[in-house]
Amino acid sequence: QWGKYLLTQRTWYGIFLGAILALCIYNTFLTVTLRDVSYLYYVGYVLCLTFGVILLSGLAEEYLWPEGKPAPLVLAATGSGTFLSVGFVNHFLRIRESHPVMYWVSTGISGLAMTMGFILIGATKLPFVPDAYSARLVHFMAIEGGLYFVVVSLVSYLRGISHARFLALSMMCLLTSV
1247 QWGKYLLTQR TWYGIFLGAI LALCIYNTFL TVTLRDVSYL YYVGYVLCLT
1297 FGVILLSGLA EEYLWPEGKP APLVLAATGS GTFLSVGFVN HFLRIRESHP
1347 VMYWVSTGIS GLAMTMGFIL IGATKLPFVP DAYSARLVHF MAIEGGLYFV
1397 VVSLVSYLRG ISHARFLALS MMCLLTSV
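As numbered in our numbering, residues 1247 to 1424 make up the sequence shown, in order.
Here's what the structure looks like:
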């Protein structure tokens, strides 16, 4: 029974990781052919999500770190994913041209989330932040990045950018599944 369960799990993760690989190759192709960097942001964002799934699912311990994974890698993936998702939505919907202040504020805040995630790889806590709140702060900023993604997409849709509705829908699905 246990062997069958493990085979099912490995098959599922094999299909999942294969689909992610195909998605990344396709979007890298779009980056090159369309000369649009937003697809490269998307590839990075998807890879951060995938790395997070690998870290949280136990696959990392099984294949990469049999002695146990470094816990701060989850925070680095979370912070980087926040920066890349905000960069994707900003670039894809051309927020820099339409709302430059919002672009710079969102880029700065998401860049801070990424920086904090990387700081926590080598430190046990963020400077000037109590121990109990360091990881929570990075996760909070990730949720805020997701909410920014949804709001910017919905506002863009209401302003006539019809493909923005798919961005809002995708992030709402992700946030509710988390």
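By construction, the Cβ of each residue, glycine as well, lies at the ideal position given by its N, Cα and C atoms.
Q) Is Gln1247 helix, strand or coil by DSSP? A) Here the question's residue 1247 lines up with position 1 in the sequence shown. Three-state DSSP puts Gln1247 in coil, outside helix and strand.
Q. Can you tell me whether DSSP reads Pro1312 as helix, strand or coil?
A. Against the sequence shown, residue 1312 aligns to sequence position 66. Reduced to three states, the DSSP call for Pro1312 is coil.
Q. For the 8 Å Cβ check, are there 3 or more pairs between the segment 1339-1359 and the segment 1369-1382?
A. no
Q: Give the secondary structure of Ile1303 by DSSP, where H, G and I count as helix, E and B as strand, and everything else as coil.
A: Along the sequence shown, one-based indexing puts residue 1303 at 57. For clarity, residue 1303 is Ser in the given sequence; the question names Ile instead. Ser1303 falls in the helix class under three-state DSSP.
Q.
On the CB-based measure, 16 or more other CB atoms within 10 Å of its CB, does Phe1275 come out buried or exposed?
A. Counting from 1 along the sequence shown, the entry for residue 1275 is found at position 29. Per the 10 Å Cβ criterion, exposed.
(Q) So, for Gly1298: in the same chain, excluding its five sequence neighbours on each side, which residues have a beta-carbon less than 8 Å away from its beta-carbon? (A) Stepping through the sequence shown from its first residue, residue 1298 is reached at position 52. If we look at Gly1298 and ignore the five residues flanking it on each side, its Cβ neighbours are Val1320, Ala1323, Thr1324 and Gly1327.
Q: Mind listing, in chain order, the continuous alpha helix (DSSP H) runs of no fewer than 4 residues lying wholly within the segment 1262-1297?
A: none
**Q.** Start and end residues, alpha helix (DSSP H) containing Pro1346
**A.** Your numbering for residue 1346 matches position 100 in the sequence shown. Start and end: Pro1346 to Gly1368.
(Q) Considering only their Cβ atoms, is the gap separating Val1332 from Tyr1259 smaller than 9 Å? (A) Working through the sequence shown from its first residue, we reach residue 1259 at position 13. Working through the sequence shown from its first residue, we reach residue 1332 at position 86. In this structure, Val1332 does not lie closer than 9 Å to Tyr1259 by Cβ.
Q) Got a sec? Which residues, its chain only, sit under 8 Å from Met1362 by beta carbon, not counting five neighbours each side? A) For the purposes of this step, residue 1362 is taken as the residue at position 116 of the sequence shown. Excluding residues within five positions, the ones whose Cβ falls inside 8 Å are Leu1321, Gly1325, Leu1372, Ser1380, Leu1383, Val1384 and Met1387.
Q: Please name the residue in Tyr1287, Tyr1251 and Val1283 whose C-alpha comes closest to that of Leu1330.
A: For the purposes of this step, residue 1330 is taken as the residue at position 84 of the sequence shown. Nearest option by C-alpha distance: Tyr1287.
Q: Could you tell me the boundaries of the alpha helix (DSSP H) in which Val1396 lies?
A: In the sequence shown, counting from the first residue as 1, residue 1396 sits at position 150. Element bounds for Val1396: Asp1377 to Leu1404.
Q: Note down the Cα distance separating Leu1415 from Ser1402, rounded to an integer number of angstroms.
A: Working through the sequence shown from its first residue, we reach residue 1415 at position 169. Working through the sequence shown from its first residue, we reach residue 1402 at position 156. Between Leu1415 and Ser1402, the C-alpha separation is close to 13 Å.
Q | Closest Cα partner of Phe1262 within the set Met1417, Leu1295 and Tyr1349 | A | Against the sequence shown, residue 1262 aligns to sequence position 16. Here the closest residue by C-alpha is Leu1295.
**Q.** Boundaries (first-last residue) of the alpha helix (DSSP H) holding His1337
**A.** Position 91 of the sequence shown, counting from 1, holds the residue named residue 1337. Where His1337 is concerned, the enclosing alpha helix (DSSP H) stretches over Pro1318 to Phe1338.
**Q.** Reduced DSSP category for Phe1484 - H, G, I as helix; E, B as strand; rest coil
**A.** Since the first residue of the chain shown is 1247 and the last is 1424, residue 1484 is not available in this structure.
Q. Who are the Cβ neighbours of Ser1303 in its own chain at under 8 Å, not counting the five residues just before and after it?
A. In the sequence shown, residue 1303 corresponds to position 57, counting from 1. These residues qualify, in order along the chain: Tyr1259.
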